[in-house]
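K.L.:
Residue 55 in the UniProt record's numbering sits at position 55 of the sequence shown; the count goes up by one each step and never skips.
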Amino acid sequence: DSLCGRTPSQAHALMLTAVHSVGVARISARAHARGNAVRRVEARAFTASRSRNRNAATTVAAWVLKNSGPNTTEHLGEELTTPSDLPLTAARMVVGRQASDSVSLEIPVPTVSGAHAMIEVTDAKVMVTDLSSTNGTFIDGEELQAGIAYELEEGGEVIFGDEFMALYVLTKA
Numbered sequence: 001d002s003l004c005g006r007t008p009s010q011a012h013a014l015m016l017t018a019v020h021s022v023g024v025a026r027i028s029a030r031a032h033a034r035g036n037a038v039r040r041v042e043a044r045a046f047t048a049s050r051s052r053n054r055n056a057a058t059t060v061a062a063w064v065l066k067n068s069g070p071n072t073t074e075h076l077g078e079e080l081t082t083p084s085d086l087p088l089t090a091a092r093m094v095v096g097r098q099a100s101d102s103v104s105l106e107i108p109v110p111t112v113s114g115a116h117a118m119i120e121v122t123d124a125k126v127m128v129t130d131l132s133s134t135n136g137t138f139i140d141g142e143e144l145q146a147g148i149a150y151e152l153e154e155g156g157e158v159i160f161g162d163e164f165m166a167l168y169v170l171t172k173a
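(1) Count the CB pairs spanning the segment 67-77 and the segment 128-145 that are closer than 8 Å, and state whether there are at least three.
(2) Under the rule that 16 or more other beta-carbon atoms within 10 Å means buried, what is residue 119, buried or exposed?
(3) What does the Cβ neighbour count give for residue 62, buried or exposed, with the cut at 16 atoms within 10 Å?
(4) Is the separation between the beta-carbon of residue 65 and that of residue 150 shorter than 8 Å?
(5) Mind checking residue 159: buried by the 16 CB within 10 Å criterion, or exposed?
(6) To the nearest angstrom, how far is the alpha carbon of residue 123 from that of residue 152?
(7) In the DSSP assignment, what are the bridge partners of residue 66?
(8) What does residue 92 pair with, by DSSP beta-bridge criteria?
(9) From residue 163 to residue 145, what distance separates their C-alpha atoms?
(10) Could you have a look at residue 146 and say whether DSSP puts it in helix, strand or coil?
(11) Evaluate residue 97 with the Cβ neighbour count: other Cβ atoms within 10 Å of its Cβ, from every protein chain shown; 16 or more gives buried, anything less gives exposed.
(12) Is DSSP giving residue 130 helix, strand or coil here?
(13) From the DSSP output, in three-state form, read off residue 76 for me.
(14) Distance, Cα to Cα, residue 114 vs residue 138?
(15) Enumerate in chain order the residues of its own chain whose CB-to-CB distance from residue 102 is below 6 Å, with the five nearest sequence positions on each side excluded.
(16) Is the CB-CB distance between residue 107 and residue 83 below 8 Å?
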């Protein structure tokens, strides 16, 4: 057999496809084709993602998380600037203590984790996933289990670790 006029190397690869992902399985040099046993396979999956270009058009609704807490800092023992409202302008965003390449929604409060929660937005709904934060994420008073996406409905409250400084209500812009 040949591949594009060349003999395949001793290490072969198998491409696996799904709706939103592509997988590559590297088969060891001792593998044989046509039904014989494969001794070792290393697999990697690659998922499709949206462009990171912030100027690109999105299909998300104009949602905003409005800061609605009492914004008191006595429990922290230091004065802080009141966190801003958080406009949800992309399909997927991460809430965290400090903006970075991976954190697009900043809440500069010490009780908010570095990468606290992920927010996924569509025209129809907003989903919140706690990213194993130290002080938890809550929707309407219920603590979220880390790694599971929960729907935040319009008018619903979400707390990112601090009910005084990081309590937000979901509204349409």
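Note that CB positions come from ideal geometry on N, CA and C, so glycine has one too.
P.N.:
The answer reads as follows:
(1) These segments do not touch.
(2) In the assembly as shown, residue 119 is a buried residue. Its beta-carbon has 16 or more other beta-carbons within 10 Å.
(3) Exposed: under 16 other Cβ atoms inside 10 Å.
(4) No, the pair does not count as a contact, with Cβ atoms beyond the cut-off.
(5) The residue in question, residue 159, is buried, as its Cβ has 16 or more Cβ neighbours within 10 Å.
(6) Cα to Cα, the separation comes out at about 13 Å.
(7) Beta-bridge pairing links residue 66 to 169.
(8) According to DSSP, which records beta bridges pairwise, residue 92 is partnered with 120.
(9) If you take the alpha carbons of residue 163 and residue 145, they lie about 18 Å apart.
(10) If DSSP states are grouped into helix, strand and coil, residue 146 belongs with coil.
(11) By the 10 Å Cβ count, residue 97 comes out buried.
(12) Three-state result, residue 130: strand.
(13) Taken through DSSP and simplified to helix, strand or coil, residue 76 comes out as coil.
(14) Approximately 17 Å between the Cα atoms of the pair.
(15) Taken in chain order, the residues that qualify are 94.
(16) Yes, they are a contact pair.
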